Each structure stands twice: as structure tokens, then as C-alpha cells.
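Q:
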Amino acid sequence: MVNLFKDKLLLIFFALFVFNAKFFLITQYGNATPYWDQWNAEAELLYKPYLEGNLSWSSLLAPHNEHRIFTTRILALGLLELNGSWNPLLQMVVNAVIHVVALGLIIILLLRVIGRQHLPLLLAFAALLFSVPYAWENTLAGFQSQFYFVLIFGVLCLWLLITAAPLSLKWWAGMLAGLLAFLSLASGLFAVVAALCVMLFQYALGVRRNYFQLLGVLLLSIFVYFAFPLTPVIEHHAALKAHSLDQFIQALEQVLTWPVESSRLLGGLLYLPALIFGIMMMVQRPPVTDKRWFLLTVVVWCVGQCVSLAYGRAIVPTSSRYLDLVAIGLLINFAIVLLFVGMIEGKGRYLARLLGLGWVVIVVTGLAGMYSAIEAQLVNKQALSRIQESHVRAYVCDGGAQHLQNKPFLHIPYWDPKGLQQLLDDEAIRKILPGNIYIGNSDTPIALDGAPFCPPGKLVNSYSIQSWSGETSAITVGSTDVRADSWRGSDYLMSQLNGLRIIGSLVASENDTGYVVVRVRWGDRLLYRTGPRVNKQAILVGAGGVGEFYADAPFSSEWSLIIFDSPRLPAEFDVVFIDAGTGWGEWSAIGLKQVKSE
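Numbering follows my numbering, with no gaps: position 105 of the sequence shown is 1044.
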């Protein structure tokens, strides 16, 4: 009972460790701006028909490139309903949870084969392997849950089809899991193919040679026969495929030896445990109840995934987005290493441990060698995401096509500027846009960089400024008119003025930033002052409009009256006072009439 509690505790620590690693990556480098396929696959083909009541089952099952991402679409719709708007950052966090669940499931099933005593080492290796952000493309994209769903349903398919009696209820559940794996990613079909191959081996070797086994093989063959043609051929992806045997072999070598790049000889050792294990199973022919058959099936599945990548993506077989799948092969091989160490007795166990340690060193060295390249990729991704965000936000604010047209590659988040413009103009899509690019779903009137949410348009002097005589009766804006306040400070002198409430951006130092939103009527007056330097201080009238009344804040070292008396102003409006400056003397403050009911 105590050991079981310890096992659960270790699994929880592992899950939290890997999730926190992914969550840190999301918080540091993630961006809520939808990217590339999300605009057509999510916004145009999923959310728009769903919101307009036109979404059909055929649309949910329709191909996306070579895949039928049914599970990803269902998840996306669920998150849209729960959140009320489209939020790729939320998708990233949920995807991280799904990935951790998938890894936990795989580890639990592996332990049923190699023994619970290996849990600490297996978790330690998995924590190291899956906390490295080599697959950052999946982590930082909300639209990549299919890579994690295929792991969950794929491994469930293998476990149920191999450990259950053919045609039993559990076996049929395995067929269903195989279907869901295929409806997550095209390569999900390899789960059924792997089970089919191992069941054929079992039949041919006489391990299980009965009518039900043969019927199970037949049913799996029928499944593959009908599912394979459902994978569409994408003409413009032909260039990515292997066009010769040499190209295929080179690509397969890259996948099987990842993450080792310095030495193909050392990299070739990574799948050596799986090769030895496969030969051992063919020679020993253990009974069908032996759980090692499941482990063999997982090996076949992993190799099938590698073969699929080597053929279908021969140009970039180890691209970041595919590495979550490739890494599973390393986890499986390490589990086999632990199995061998546990099987060998006497003096041979010491040698086995030494060889296993050498295998781990090869993997760790390969991962360590990737860090500088990964860091550079992440910094570049972060910079591009911010550029994309600013261009899309600017277009949503004022509708200027110049914000999307004639931009360098990847400076907008979609390959077709006109197509992106049409999607952003669509009323149904506009209403659900993420809050970082559409102020209607934003919690703040300023962007992440501290600038006004919408860029300045035609600047209009929306106020006049006068010296203040000290009469508090001249101030008409009350303290109850404050709508939002992230300043929560005062001015540099911590001024105390009778009958007035002072709100300033200076809390602890001039590094403090933020904004305050005040509800104002035409002709209203309030106090305003700045520090000795005015930098990144701004006044925005009409939060999130087209920026027509945005202006840099005036320099005012003494308390001055700001009067909102422009004839262009409406009868009532919001005013946002912004302080985005972090240098010496860069602060702002306002003075409002203190209302007793506060």
C-alpha cells in the first residue's frame, strides 16, 4: 500500500515537472495570435460554420492536408464554448495537459511490462527527455493537439488489441481507439498496422493460432484496407516526400539517430535495444499472455512512425513538430534497457547497467547539443509572433490594408494577405478573435508593449491644458469615475491635496508602469502632472477606437488642469492615461475630486 502511494506521488511529481516546463515555455514565448493553418482550418472552416449553425459532421471528419483531425476539432469547439472566444494560449496550456496525460499513460502501461521497480528511473529519464523544448512548434501552437491525441489513442489501441482476446469487448475498444488515433493524425493508422503485424507474427509462430486470432487479423486488415485510401494525397506536398531509395534511407537514418547529430555510429545505437528485443521475442516465442508482446507492438508502432516521416517528410524528417512522436521511440528503448537490466543476473547485471548508462549518456549528450539552436529558434519565434500580432492588431483597429500587404515572409501569421484580410473582416470571426488583437475581447486598453491597443491614426488635440490655481472646485471628474486602475500609486512627492484623490503610476520606483481608465463627460476637468521626463506617457480618449484622439502626454512638472473640450469629442467617453516608461523621472499622476461615498 505504501509503495503504491509512493508510485502515485512520483507520477504526480513527474506530471507537474513536465507540465511546468511546457507552461514556462508558453508564458515566455507563447503568443495568442492564431498562426498559419489556424486561420483557415479553425476560423474559416470550423468556427465560422459552427457560430452560424452550418457545421456538419462531414466538416468535422473532412481532411486537413493528409490528416482527418476530428479530435482536434472537437477540442477546439469545446474550448471556444468554455472560453467564449478564440484563445490559442488556452489551447497551448490544454495541449500541455493532454501531452502529460499521454506520457503518463504510456509510462503506466510500460511498467506493467518491465515492472514497477523501474518506475523512478523511467520517470527520471522521461522527465529529462520531455522537458527539453525541442518540439516547441507543438508546444507554442494551439492547433497541434492531434500529436498528443494520437499518442493517447495509439497506445490504448495497442494495449487493448494485443493484451485482450480477439473479438472480446476490450479488443473492440482497441479497434475504437485505433479509429480515433486515425481521426487524430494520418500516422495514427500505424497503431492498427502495428497490432496487425504482431498478431500475424503470433499466428505464424504458433503463439496464438486459432479461429479468433485469424478473424482478428482479417478485421484489422479490412480496417487498414478501407482507412488507407481515406488519407488524401496533397499535390503541393509531393516535394517533401522521398523521391529515391537513397533519400528515404538518409531521412530514416536522421529520424532513428535523433537527437545525435555528431556521430551516426553512436546514433545507430539508440534503437539497438529495440532490435535485440525484437530478435529475442522471435526466438523465445513467449506465451500470448506475456505482456512483452505489447512492448514489441509499441516498437513496431514507433518504427512505423519513423518510416512514415522518412518517406512523407524526407526534406525535414526531424522538424520540431514531429519530435514529440520521435521522442517516444527513445522512451521505449530506455524501457527495454531497464527490462534487460532486470532480466540479467549475477556479474552480467553490472555490465548491463554500465551499457545502459552509456546509452543514456549518448541521448543526454545529443539533447544538450541542441540547446543553443533551440534557444535561437525560440527567440526568433517570439520576435516574429510580436510582429505578426502588431500587424494584425493594427488592421483590426483601422482596417488599413497596408498593415497586411507587402510584408516580409512570416511578418503576418498567414500565407495569403488578402485571405487573412477577408477572415478578419468576417463578422462572425471578428467577434471571437483573441483579446491581444481585438479589443472587444481584451481585458486592457493597452497592448503587451505598453502602447495603446490601437495604433495612432489622425491625431486630434482632444483636450486643452491650463495652470491650476489650487481651487479644488475646478475639478469635475470624481474618484468614483475610475473604471480601472493598474497604477495604484501616487506622484513622486506622494502629494496629499485636500478634497482630492491622487492616483499615480509611481508605486515603488520609476520602473512602475500601467494605466488608469476614467469615465469623463465633455468639458470635464481633472488634474495631471508628470515627472521630469516624458517618455512613453500617453493619453488615449475612447479606449480602443481608431486611435484618433491618442496623443503623447504633455510635460507638466506642476499640477495642471486638463480640460476635455474638443468639439470632436462625444458627450461621454473613457480616457486612458498610460505610463509605459521605465526610466528615471518617467511617471504620471492624476488628481480627482474625492467622493465621500467611496
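Where a beta carbon is used, it is the ideal one built from N, C-alpha and C, also for glycine. The model shown is predicted, which means the values in this text are computed figures rather than measured ones.
1. If we count the other Cβ atoms within 10 Å of its Cβ and call it buried at 16 or more, is Asp1463 buried or exposed?
2. Does the separation of the CB atoms of Ile1441 and Asp1424 fall below 8 Å?
3. Since Trp1025 contacts Leu1019 with CB under 8 Å, what's their CB separation in whole angstroms?
4. Could you compute how far the alpha carbon of Lys1357 sits from the alpha carbon of His1182?
5. Using the three-state DSSP reduction, which class does Ala1482 fall into: helix, strand or coil?
6. Per DSSP, Ser1003 is paired with what?
7. For Pro1226, count neighbouring C-beta atoms within 10 Å of its own C-beta (all shown protein chains included) and say buried if the count is 16 or more, exposed if not.
8. Let me make sure I understand the geometry here. Which of Trp1498, Cys1136, Ile1091, Val1137 has the alpha-carbon closest to that of Leu1115?
9. Can you give me the start and stop residues for the alpha helix (DSSP H) that Tyr1310 sits inside?
10. Output the residue ranges of the alpha helix (DSSP H) runs that lie fully inside the stretch 1193-1260 and measure 4 residues or longer, sorted by chain position.
11. Since I believe Phe952 is in contact with Ala1266 (beta carbons under 8 Å), could you give me their beta-carbon distance rounded to a whole number of angstroms?
12. Just tell me which of Arg1472, Gly1470, Gly1520, Val1416 has its CA closest to the CA of Leu1500.
13. On a CA-only basis, which of His1342, Met1220, Leu1278, Arg1422 is nearest Leu1060? Give me that one, please.
14. When the Cα of Tyr1377 is compared with those of Asp1337, Gln1344, Ile1404, which residue comes out closest?
15. Do Leu1159 and Ala1134 count as a contact pair if the criterion is CB distance below 8 Å?
16. Output the distance between the C-alpha atoms of Gly1054 and Ile1046, rounded to the nearest integer angstrom.
17. For Lys1370, name the three-state secondary structure that DSSP assigns.
18. Between which two residues does the alpha helix (DSSP H) holding Ile1502 run?
19. Hey, Trp1426 and Ser1444 are a contact pair by Cβ (cut 8 Å); roughly how many whole angstroms apart?
20. Would you tell me roughly how many angstroms separate the C-alpha atoms of Arg1148 and Val1156, rounded to the nearest one?
21. Just to confirm the assignment, what range does the alpha helix (DSSP H) spanning Ala1178 have?
22. DSSP has Lys1532 in a bridge; who is on the other side?
23. Which class does Leu1079 belong to by DSSP, given the choice of helix, strand or coil?
24. Roughly how many angstroms separate the alpha carbons of Leu1128 and Trp1240, rounded to a whole number?
25. By the three-class DSSP mapping on this structure, what secondary structure does Leu1398 have?
26. Thinking C-alpha only, which one of Gly1470, Leu994, Met1031 is nearest Ala971?
27. Does the beta-carbon of Leu1235 have 16 or more other beta-carbons within 10 angstroms, so that it is buried, or is it exposed?
28. Restricting to Cα atoms, I'd like to know which of Asn979, Arg1460, Trp1526 is closest to Arg1507.
29. Would the beta-carbon of Ala1213 fall within 8 Å of that of Ile1271?
30. Measure the beta-carbon distance from Gly1470 to Glu1525 and round it to whole angstroms, keeping in mind my assumption that it falls under 8 Å.
31. Tell me the residue span of the beta strand (DSSP E) that contains Ser1403.
32. Can you give me the Cβ contacts of Ser1401 inside the same chain, cut-off strictly under 8 Å, excluding the 5 residues immediately before and after it?
33. Please classify Phe1516: does DSSP put it in a helix, a strand, or coil?
34. Can you tell me whether His1350 is buried or exposed? The criterion is at least 16 other CB atoms within 10 Å of its CB, across all chains shown.
35. Rounded to the nearest angstrom, what separates Gly1043 and Ala1447 at their Cα positions?
36. Alpha carbons only, please: which of Ser1329, Phe1187, Ala1001 is nearest the one belonging to Pro1256?
A: In short:
1. As a position in the sequence shown, residue 1463 is number 524, starting the count at 1. Classification for Asp1463: buried.
2. Within the sequence shown, residue 1441 is the residue found at index 502, counting from 1. Within the sequence shown, residue 1424 is the residue found at index 485, counting from 1. Going by C-beta atoms, Ile1441 is not nearer than 8 Å to Asp1424.
3. Position 86 of the sequence shown, counted from the first residue, corresponds to residue 1025. Position 80 of the sequence shown, counted from the first residue, corresponds to residue 1019. By a beta-carbon distance limit of 8 Å, Trp1025 contacts Leu1019. Their separation comes to about 6 Å.
4. By one-based count along the sequence shown, residue 1357 stands at place 418. By one-based count along the sequence shown, residue 1182 stands at place 243. One C-alpha to the other measures close to 34 Å.
5. Indexing the sequence shown from 1 puts residue 1482 at position 543. Residue confidence is low: Ala1482 scores 48 on pLDDT, short of 50, so the model does not pin down where it sits. No coordinate-derived value is stated.
6. Stepping through the sequence shown from its first residue, residue 1003 is reached at position 64. A small fix is needed here, since residue 1003 is His in this sequence, not Ser. Per DSSP, His1006.
7. As a first step, residue 1226 is located in the sequence shown; it is residue number 287 there, counting from the start. So Pro1226 ends up on the exposed side.
8. Start at 1 with the first residue of the sequence shown, and residue 1115 comes out as number 176. Per the Cα distances, Ile1091.
9. Working through the sequence shown from its first residue, we reach residue 1310 at position 371. Per DSSP, Tyr1310 belongs to the alpha helix (DSSP H) from 1310-1337.
10. 1203-1206, 1211-1223, 1231-1251
11. Looking up residue 1266 in the sequence shown gives position 327. Looking up residue 952 in the sequence shown gives position 13. Contact doesn't hold; Cβ gap of about 20 Å is too wide.
12. Position 561 of the sequence shown holds residue 1500. For the residues Arg1472, Gly1470, Gly1520, Val1416, the minimum Cα distance to Leu1500 belongs to Val1416.
13. The residue you call residue 1060 lines up with position 121 of the sequence shown. Nearest C-alpha to Leu1060: Leu1278.
14. By 1-based counting over the sequence shown, the position of residue 1377 is 438. Cα-wise, what sits closest to Tyr1377 is Asp1337.
15. One-based indexing of the sequence shown puts residue 1134 at position 195. One-based indexing of the sequence shown puts residue 1159 at position 220. Result yes, Cβ atoms of Ala1134 and Leu1159 sit closer than 8 Å.
16. Counting from one through the sequence shown, the residue named residue 1054 turns up at place 115. Counting from one through the sequence shown, the residue named residue 1046 turns up at place 107. Approximately 11 Å between the Cα atoms of the pair.
17. For the purposes of this step, residue 1370 is taken as residue 431 along the sequence shown, with counting starting at 1. Looking at Lys1370 - three-state DSSP - the assignment turns out to be helix.
18. As a working mapping, residue 1502 is identified with position 563 in the sequence shown. Per DSSP, Ile1502 belongs to no alpha helix (DSSP H); it is in the beta strand (DSSP E), 1499-1502.
19. For the purposes of this step, residue 1426 is taken as residue 487 along the sequence shown, with counting starting at 1. For the purposes of this step, residue 1444 is taken as residue 505 along the sequence shown, with counting starting at 1. Contact flag correct, Cβ pair sits at about 4 Å.
20. By one-based count along the sequence shown, residue 1148 stands at place 209. By one-based count along the sequence shown, residue 1156 stands at place 217. Their Cα atoms are separated by approximately 11 Å.
21. Within the sequence shown, the letter at position 239 stands for residue 1178. Per DSSP, Ala1178 belongs to no alpha helix (DSSP H) and is neither H nor E.
22. Locating residue 1532 in the sequence shown gives position 593, where the first residue counts as 1. According to DSSP, residue pairing for Lys1532 in a beta bridge involves Gly1417, Leu1439.
23. In the sequence shown, counting from the first residue as 1, residue 1079 sits at position 140. Of the three classes helix, strand and coil, the one that applies to Leu1079 here is coil, per DSSP.
24. Start at 1 with the first residue of the sequence shown, and residue 1128 comes out as number 189. Start at 1 with the first residue of the sequence shown, and residue 1240 comes out as number 301. Cα to Cα, Leu1128 sits roughly 10 Å from Trp1240.
25. Along the sequence shown, one-based indexing puts residue 1398 at 459. Per-residue confidence for Leu1398 stands at a pLDDT of 49, beneath the threshold of 50, marking its modelled position as unreliable; no derived number is given.
26. The count along the sequence shown starts at 1 and reaches residue 971 at position 32. Looking at the Cα atoms, Met1031 is the closest of the given residues.
27. If you number the sequence shown from 1, residue 1235 lands on position 296. Result: buried.
28. Within the sequence shown, the letter at position 568 stands for residue 1507. Residue Arg1460 is the option with its Cα nearest to Arg1507.
29. Translated into positions along the sequence shown, residue 1213 becomes position 274. Translated into positions along the sequence shown, residue 1271 becomes position 332. Result yes, Cβ atoms of Ala1213 and Ile1271 sit closer than 8 Å.
30. The residue you call residue 1470 lines up with position 531 of the sequence shown. The residue you call residue 1525 lines up with position 586 of the sequence shown. Contact flag correct, Cβ pair sits at about 6 Å.
31. Along the sequence shown, read from residue 1 onward, the residue named residue 1403 stands at position 464. From DSSP, the beta strand (DSSP E) with Ser1403 extends over 1403-1406.
32. Counting from one through the sequence shown, the residue named residue 1401 turns up at place 462. Only Ile1478, Val1480, Phe1488, Ala1490, Phe1503, Ser1505, Arg1507, Leu1508 meet the Cβ criterion.
33. Residue numbering aside, residue 1516 sits at position 577 when the sequence shown is read from its first letter. Three-state result, Phe1516: strand.
34. Here the question's residue 1350 lines up with position 411 in the sequence shown. Flag for His1350 reads exposed.
35. As a working mapping, residue 1043 is identified with position 104 in the sequence shown. As a working mapping, residue 1447 is identified with position 508 in the sequence shown. Going by the C-alpha atoms only, they are around 45 Å apart.
36. Position 317 of the sequence shown, counted from the first residue, corresponds to residue 1256. Closest by alpha carbon: Phe1187.
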